[in-house]
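Novice: Numbering (the working numbering), first residue to last: 825 to 1184.
1) Could you tell me which of 1105, 1172 and 1050 sits nearest to residue 1118, measuring between CA atoms?
2) Excluding the 5 residues preceding and the 5 following residue 826 in the sequence, name in chain order all residues of the same chain whose CB lies nearer than 6 angstroms to its CB.
3) Going along the chain, which residues of its own chain have a beta-carbon closer than 7 angstroms to the beta-carbon of residue 1102, five neighbours each way excluded?
4) Can the beta-carbon of residue 1061 be found closer than 9 angstroms to that of residue 1016?
5) Would residue 887 pass as a contact of residue 1022 if the rule is Cβ separation under 9 angstroms?
6) Could you check which residue in 1076, 1132 and 1105 has the C-alpha nearest to that of residue 1054?
7) Since residue 890 contacts residue 866 with CB under 8 angstroms, what's their CB separation in whole angstroms?
8) Classify residue 965 as helix, strand or coil using the three-state DSSP reduction.
9) Whole angstroms are fine: how far does the CA of residue 1096 sit from the CA of residue 841?
10) Find the nearest neighbour of residue 883 within the set 960, 912, 943 and 853, judged by alpha-carbon distance.
11) Is there contact between the stretch 1070-1088 and the stretch 917-928, where contact requires at least three CB pairs shorter than 8 angstroms?
12) Can you tell me whether DSSP reads residue 1012 as helix, strand or coil?
13) Here's the rule: buried if 16 or more other CB atoms are within 10 angstroms of the residue's CB, otherwise exposed. What is residue 929?
14) Does the count of Cβ pairs from the stretch 1084-1096 and the stretch 1140-1153 closer than 8 angstroms reach three?
15) If you follow the alpha helix (DSSP H) that residue 916 is part of, which residue opens it and which one closes it?
16) Return the residue from the list 927, 1134, 1070 and 899 that minimises the CA-CA distance to residue 869.
17) Taking C-alpha atoms, which residue in 1091, 1161 and 878 lies nearest to residue 1019?
18) From the DSSP output, read off the bridge partner residues of residue 1117.
19) Under the assumption that residue 942 contacts residue 912 (Cβ atoms under 8 angstroms), give the Cβ distance between them as a whole number of angstroms.
20) Between residue 1144 and residue 1056, how many whole angstroms is the CB-CB distance? I'm expecting something under 8 angstroms.
21) Using C-beta distances below 7 angstroms, list every residue in its chain close to residue 874, excluding the 5 sequence neighbours before and after it, in chain order.
22) Here's a check: name, in chain order, each residue in its chain whose Cβ is nearer than 8 angstroms to the Cβ of residue 1137, leaving out the five neighbours to either side.
23) How about the stretch 931-938 and the stretch 975-982: do they share at least three Cβ pairs that are nearer than 8 angstroms?
24) Under 9 angstroms between the Cβ atoms of residue 1168 and residue 880?
25) Three-state secondary structure (DSSP) at residue 1076?
26) Using the beta-carbon count (16 or more within 10 Å), is residue 999 buried or exposed?
27) Please tell me whether residue 1009 and residue 953 are closer than 9 angstroms, where the distance is taken between their beta carbons.
28) Would you say residue 1034 and residue 1105 are within 9 angstroms of each other, going by their C-beta atoms?
29) Closest to residue 1146 by C-alpha separation, out of 1165, 993, 1058 and 1099, would be which residue?
30) Using beta-carbon positions only, say whether residue 1052 and residue 1129 come within less than 9 angstroms of one another.
31) I'd like the span of the beta strand (DSSP E) that includes residue 971, first residue to last.
32) Please state if the CB of residue 904 and the CB of residue 846 are separated by a distance shorter than 9 angstroms.
33) Opposite residue 1007 in the DSSP bridges: which residues?
34) Starting from residue 1051, trace the beta strand (DSSP E) both ways and give me its first and last residue.
35) Go through its chain and collect everything with a Cβ distance to residue 901's Cβ below 6 angstroms, but skip five positions before and after it.
36) What do you get for residue 1176, buried or exposed, if any count of 16 or more other CB atoms within 10 angstroms of its CB means buried?
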């Protein structure tokens, strides 16, 4: 079982650089790393949302946080030269599908050239032994198939966000083959499904929309309740990322391309997800949660998307620990605590520690 204890045994004292550390996933990742005793440096723009988990949980207090843009190669180089990281997690991205339609140039600059810049710094920094590029399940050419996409399936995201992340994958593959065949640095990508969890305040994401609606006493508006997605709690892919980066650091044969997603039973429609959220929210006191179906004619998004995670299971023996209802319960717990003015950092740490105790 890979948990905080096993993570600490490897990461304690290690120099780790995280791009995109001020975002939702980046904040959770940095908190796990600091609890594990790693020497963490983050490089990112200011928190992309207000409020933000990065500020609420005071993540910067336990690490070195550097404000910078991955589109700025010279600024990124300075941080690599100063910190000389041993492991690099690349999370910096423009991650919202609808925003990518509004500003495709920014999306490609960040997601493609940002990846080029990070890999170029890895190439020029001989201390780096392990690099992981975090992409998305949306990198695949989506044919609305009923089976899960495999790592060998064609890459070709439809919208500018998904396509730019497909390009980011190709950039990573190229750098790996062109510059890291000598084994000095192991390189992998991780393609994760939709993540949920406490502290996600992004626009145009279903669970943050749910929390905002119930906090305001409004009905939850669902644009497409019939789309199927591989929803998982944020801790699931994060511990998988940490495991991949560690194992390839120790054995370069473990590098590769990995899907990270839930069991098939936990790939649910958006409508079912919101119904479960309402049920869990309504178990407590206070504002009642309910939802309505209101398609708004927005831009194209896939209706059916599922991952085949056989490879990560086979290589590492990994498997998800939380079912979708458990993942939602943790999200509701954190969100209620934050709305009630409780110590959200305490809840965050407790969930990280408890996750490691889940049975295989």
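For glycine and all other residues, C-beta sits at the position ideal for the given N, C-alpha and C.
Specialist: From the atom records:
1) Along the chain shown, read from residue 1 onward, the residue named residue 1118 stands at position 294. It is 1050.
2) Residue 826 sits at position 2 when you count from the first residue of the chain shown. Only 1063 and 1067 meet the Cβ criterion.
3) Taking the first residue of the chain shown as 1, we reach residue 1102 at position 278. These residues qualify, in order along the chain: 1113, 1114 and 1115.
4) Here residue 1061 refers to the residue found at position 237 when the chain shown is read from its first residue. Here residue 1016 refers to the residue found at position 192 when the chain shown is read from its first residue. Yes, the Cβ-Cβ distance between residue 1061 and residue 1016 is below 9 angstroms.
5) Residue numbering aside, residue 887 sits at position 63 when the chain shown is read from its first letter. Residue numbering aside, residue 1022 sits at position 198 when the chain shown is read from its first letter. It is not a contact, given that the beta carbons lie outside the stated cut-off.
6) Here residue 1054 refers to the residue found at position 230 when the chain shown is read from its first residue. Checking every option, the nearest Cα to that of residue 1054 belongs to 1132.
7) Working through the chain shown from its first residue, we reach residue 890 at position 66. Working through the chain shown from its first residue, we reach residue 866 at position 42. Confirmed, Cβ separation roughly 6 angstroms.
8) Here residue 965 corresponds to residue number 141 of the chain shown, with the count starting at 1. Here residue 965 sits in coil by DSSP.
9) Taking the first residue of the chain shown as 1, we reach residue 841 at position 17. Taking the first residue of the chain shown as 1, we reach residue 1096 at position 272. Computed Cα separation, rounded: 37 angstroms.
10) Position 59 of the chain shown, counted from the first residue, corresponds to residue 883. With distances taken between Cα atoms, residue 883 lies closest to 853.
11) no
12) Taking the first residue of the chain shown as position 1, residue 1012 is located at position 188. In the structure shown, residue 1012 falls within a strand segment according to DSSP collapsed to helix, strand and coil.
13) Counting from 1 along the chain shown, the entry for residue 929 is found at position 105. Under this definition residue 929 is an exposed residue.
14) yes
15) Against the chain shown, residue 916 aligns to sequence position 92. Element bounds for residue 916: n/a, residue is neither H nor E.
16) Residue mapping note: residue 869 aligns to position 45 of the chain shown, counting from 1. Put simply, of 927, 1134, 1070 and 899 the residue whose alpha carbon is nearest the alpha carbon of residue 869 is 899.
17) Against the chain shown, residue 1019 aligns to sequence position 195. The shortest C-alpha separation from residue 1019 is found at 1091.
18) Taking the first residue of the chain shown as position 1, residue 1117 is located at position 293. Answer is 1046, bridged to residue 1117.
19) As a working note, residue 942 is residue 118 in the chain shown. As a working note, residue 912 is residue 88 in the chain shown. Sure, about 7 angstroms apart at Cβ, within 8 angstroms.
20) As a first step, residue 1144 must be located in the chain shown, where it is residue number 320. As a first step, residue 1056 must be located in the chain shown, where it is residue number 232. Confirmed, about 6 angstroms.
21) As a working mapping, residue 874 is identified with position 50 in the chain shown. Nothing meets the Cβ criterion.
22) One-based indexing of the chain shown puts residue 1137 at position 313. Correct list, in chain order: 1143.
23) no
24) The residue given as residue 1168 occupies position 344 in the chain shown. The residue given as residue 880 occupies position 56 in the chain shown. Going by C-beta atoms, residue 1168 is nearer than 9 angstroms to residue 880.
25) Walking along the chain shown from the start, residue 1076 turns up at place 252. In the structure shown, residue 1076 sits in a helix (DSSP, three-state: H, G or I).
26) Taking the chain shown and counting its residues from 1, one reaches residue 999 at position 175. It counts as buried.
27) Numbered from its first residue, the chain shown carries residue 1009 at position 185. Numbered from its first residue, the chain shown carries residue 953 at position 129. Yes, Cβ-Cβ distance for residue 1009 and residue 953 is below 9 angstroms.
28) For this step, residue 1034 is matched to residue 210 along the chain shown. For this step, residue 1105 is matched to residue 281 along the chain shown. Yes, Cβ-Cβ distance for residue 1034 and residue 1105 is below 9 angstroms.
29) In the chain shown, residue 1146 corresponds to position 322, counting from 1. Of the candidates 1165, 993, 1058 and 1099, the one whose C-alpha sits nearest the C-alpha of residue 1146 is 1058.
30) Reading the chain shown from its first residue, position 228 is the one you call residue 1052. Reading the chain shown from its first residue, position 305 is the one you call residue 1129. In contact: residue 1052 and residue 1129 (Cβ atoms closer than 9 angstroms).
31) Sequence index remark: in the chain shown, residue 971 carries index 147 (1-based). Note, residue 971: premise wrong, no beta strand (DSSP E); not H, not E.
32) Here residue 846 refers to the residue found at position 22 when the chain shown is read from its first residue. Here residue 904 refers to the residue found at position 80 when the chain shown is read from its first residue. Taking 9 angstroms as the cut-off, the beta carbon of residue 846 is found no closer than this to the beta carbon of residue 904.
33) Taking the chain shown and counting its residues from 1, one reaches residue 1007 at position 183. Answer by DSSP bridge pairing: none, since residue 1007 is not bridged.
34) The residue labelled residue 1051 in the question sits at position 227 within the chain shown. It is not in any beta strand (DSSP E) - residue 1051 carries neither H nor E in the DSSP assignment.
35) Within the chain shown, the letter at position 77 stands for residue 901. If we look at residue 901 and ignore the five residues flanking it on each side, its Cβ neighbours are 945.
36) For the purposes of this step, residue 1176 is identified with residue 352 of the chain shown, where counting begins at 1. Per the 10 Å Cβ criterion, buried.
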